[in-house]
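See structure below.
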Amino acid sequence: MEPLISVIIPVYNMELYLERCLDSVIGNTYRNLEILCVDDGSTDRSLEILRAYEEKDSRIIVIAKENGGVSSARNAGLDRMTGEFVTFIDSDDFVHPQYVELLYHALLECGTSVAICGFQIVDDITDSEIPGSYSLDLGKVRVCSLIQIFKTQNLRAYCWGKLIHCESVKSVRFCEELNLAEDTTFVAEVYEKGKIDDTTVLSYPLYYYYQREGSAVKVAKNAQLFRFGSVWNQRLQRSDRDDIYLDKAIKWYLSLRYQVSHIYPDREAVHECNKQLKMLRRYIRKTNIYKITEKAAFLTFIRIPGIYWLHRIVGDPSIWKWEKIERQKRMAERKKRSSKEST
6 MEPLISVIIP VYNMELYLER CLDSVIGNTY RNLEILCVDD GSTDRSLEIL RAYEEKDSRI
66 IVIAKENGGV SSARNAGLDR MTGEFVTFID SDDFVHPQYV ELLYHALLEC GTSVAICGFQ
126 IVDDITDSEI PGSYSLDLGK VRVCSLIQIF KTQNLRAYCW GKLIHCESVK SVRFCEELNL
186 AEDTTFVAEV YEKGKIDDTT VLSYPLYYYY QREGSAVKVA KNAQLFRFGS VWNQRLQRSD
246 RDDIYLDKAI KWYLSLRYQV SHIYPDREAV HECNKQLKML RRYIRKTNIY KITEKAAFLT
306 FIRIPGIYWL HRIVGDPSIW KWEKIERQKR MAERKKRSSK EST
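Written out as structure tokens, the structure reads:
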């Protein structure tokens, strides 16, 4: 008999998207599922929808709790799960009919503790797929190292889109202090505590990520961004896994400094970024995870912010257009405030 696989779905005010998500899960070709739907104190019809699905399908287990955030909801699911493997699906996203089956068989084929699939972004305005899927060579199954997972743009270290052996998550929980990128820090800790390096990568885009305007990533504030960075720094200092934490911390603070310098100007934030980057500089010099050319590039980016800005613009010319739009928005807001004060 196929092993029981736990599916954890955190839910908060998702009545518009929830049925699509649940239908995609219960319609999966892999049938031996335990579908843990954690309602995190929703104030819309989400809990009502969950209860209706619970009555229709005995595999669905609804856990209702007070609002505590997405990390708290996922942790409630982890505390309750009984499966041999676990996968996370966000309640505004949906999955391919063979999502679980293909991930499970790929994991067995390669003998790893974690399997990852590609994903496809779906736009919330047009409700259509944005061209280009996030995966490697389409259709191939391969084994990648941990550092490849964290450094490869088309893989991403999110908690969703993965199948994980439950032994690897026994002592790991989501950080409830974070409300941004908390899943990335969770995945890093799973790899570290489970002493995992090799990962099965199935390049089919089996997960559909629904990109909404109101998502946590899109409304993140500087305080949240710095809190996330501090988590990477703390773990870097108490761990020997430079391959996880250094790479993430240095790229995070370079990107954050770029944002608070060029997009949403904030002198104090720039100062804090520079302080953190100065601390990370000594780790770059002594680490073995970067080639000499990579070390030189990062050290140059830290010392000369303008070079990093140029690197971003050359790498993605659309950023220049985005900067221009954001500057125009700020000017319009200033004019609006000035006119209100004058009246």
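Here the sequence shown stands for residues 6 to 348, where the numbers follow the working numbering.
Every residue, glycine too, gets a C-beta built ideally from N, C-alpha and C.
Just so we're clear, the structure is a prediction, and the values are computed from it rather than from any experiment.
By the Cβ criterion, the segment 55-63 is not in contact with the segment 110-129, since fewer than three pairs of Cβ atoms, one from each stretch, lie closer than 8 Å. In this structure, the alpha-carbon of D49 lies about 14 Å from that of E71. A straight line joining the alpha-carbon of S244 with that of Y288 spans about 12 Å. Here D321 is exposed: its Cβ has fewer than 16 other Cβ atoms, across all protein chains shown, within 10 Å.
With distances taken between CA atoms, T292 lies nearest to R246 out of V146, Q264, R246.
The DSSP-derived three-state label of V195 is helix.
In the DSSP assignment, E299 falls within the unbroken alpha helix (DSSP H) covering 297-308.
With contacts defined as CB atoms closer than 8 Å, R332 and Y263 fail to qualify as a contacting pair. Spanning the alpha carbons of L183 and R232 requires a straight line of approximately 7 Å. Contact between the segment 76-87 and the segment 26-35 is absent, with fewer than three C-beta pairs closer than 8 Å. For the pair G73 and I13, the Cα-to-Cα distance works out to about 16 Å. DSSP places K334 within a helical segment (H, G or I) once states are collapsed to three. Around the beta carbon of V75, a 10 Å sphere encloses 16 or more other beta carbons of the protein chains shown; the residue is thus reported as buried. Per DSSP, the continuous beta strand (DSSP E) segment holding C122 begins and ends at 119-128. Taking 8 Å as the upper bound for CB-CB distance, A111 and V146 are in contact here, some 5 Å apart. Note on geometry: alpha-carbon atoms of M336 and Y104 lie some 46 Å from one another. With a minimum length of 4 residues, the unbroken runs of alpha helix (DSSP H) contained wholly in the segment 72-127 fall at 75-85, 104-115. DSSP, reduced to helix, strand and coil, places K340 within a helical segment of the structure shown. With 16 or more neighbouring CB atoms inside 10 Å of its own CB, A274 falls in the buried class. Rounded to the nearest whole angstrom, the C-alpha separation of D202 and R342 is 53 Å.
In terms of Cβ geometry, L107 and L211 form a close pair [threshold 8 Å].
Shortest Cα-Cα distance from F306 to any of W327, C164, K283 involves K283.
Counted as a single uninterrupted DSSP element, the beta strand (DSSP E) harbouring S208 occupies residues 204-216. Taking C-beta separations shorter than 6 Å and ignoring five residues to either side along the sequence, the partners of I294 in its chain run D247, D248, following chain order. Distance from the CA atom of Y313 to the CA atom of R286, rounded to whole angstroms, is 15 Å. The residue among R272, L41, G123 with its C-alpha nearest the C-alpha of F93 is L41. Its chain contains S11, I13, E39, L41, C171 as the residues whose beta carbon lies nearer than 8 Å to that of M86, once the 5 sequence neighbours on both sides are disregarded; these appear in chain order. Annotated three-state conformation of L23 is helix, per DSSP. The Cβ neighbour count for G123, taken over all protein chains shown within 10 Å, is at least 16; the residue is labelled buried. Residue nearest to V206 within the set V177, R178, S235, K167 is K167 (criterion: CA-CA distance). When rounded, the separation of the alpha-carbon atoms in T117 and R339 is 54 Å. The three-state reading of DSSP puts S173 in helix, counting H, G and I together. Counting along the chain, the unbroken beta strand (DSSP E) around D44 starts and ends at 38-45.
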